[in-house]
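**Student:**
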Amino acid sequence: MLLIECPWCGPRAETEFSYGGEAGIARPADPDALSDAEWADYLFYRSNPKGAHRELWNHDHGCRRWFGVERDTATYRIERSYVLSHTGSDAATGSDAATNAGTGYSSGNGD
Ligand SMILES: [Zn+2]
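Numbering follows the working numbering, with no gaps: position 19 of the sequence shown is 380.
1. Quick one: using the 10 Å Cβ neighbour count with 16 as the cut-off for buried, is Ser396 buried or exposed?
2. Leaving out the 5 sequence neighbours to the left and right, which residues in its chain are closer than 7 Å to Pro368 when beta-carbon positions are compared?
3. Near Asn419, which residues of its chain fall below 6 Å by C-beta distance, leaving aside the five closest residues on each side in sequence?
4. Restricting to Cα atoms, I'd like to know which of His422, Arg415, Arg425 and Cys424 is closest to Tyr437.
5. Quick check on Trp369: does DSSP put it in helix, strand or coil?
6. Can you list the beta strand (DSSP E) stretches of 3 or more residues lying completely in the region 418-450, in chain order?
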């Protein structure tokens with residue numbers, strides 16, 4: 362089981378959270394200008410990398426807030442979690458970023 366650090370509540374079991382998909386997908390500024398293929402690409406196609414991946418998570422059974430997580434999809438190691446910015450970007454910013462870098466939260470070790 363993953364141990365995920367909510368930026369507001371601290372480390373909690375994976376079962377308290379729901380996955381929200383890939384982070385950093387910007388909504389097109391003018392959706393009406395897109396072709397059907399471009400709109401479908403925005404809605405449905407994601408990168409699915411093996412390795413570092415930025416994800417959205419919601420603390421459903423806690424504070425109910427959305428936040429970002431950087432996780433390695435091959436090892437499940439979570440590098441950090443962070444507060445989403447108010448500008449629509451998911452980049453961590455200054456002092457409002459919560460991080461658990463280097464804590465080694467991961468699955469596969471019985472916790
Ligand atoms: Zn929380």
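Note that CB positions come from ideal geometry on N, CA and C, so glycine has one too.
**Tutor:** Well, looking at it:
1. exposed
2. Phe428, Ser442, Tyr443, Val444 and Ala459
3. Ser379, Gly381 and Trp427
4. Arg415
5. coil
6. 427-433 and 439-443
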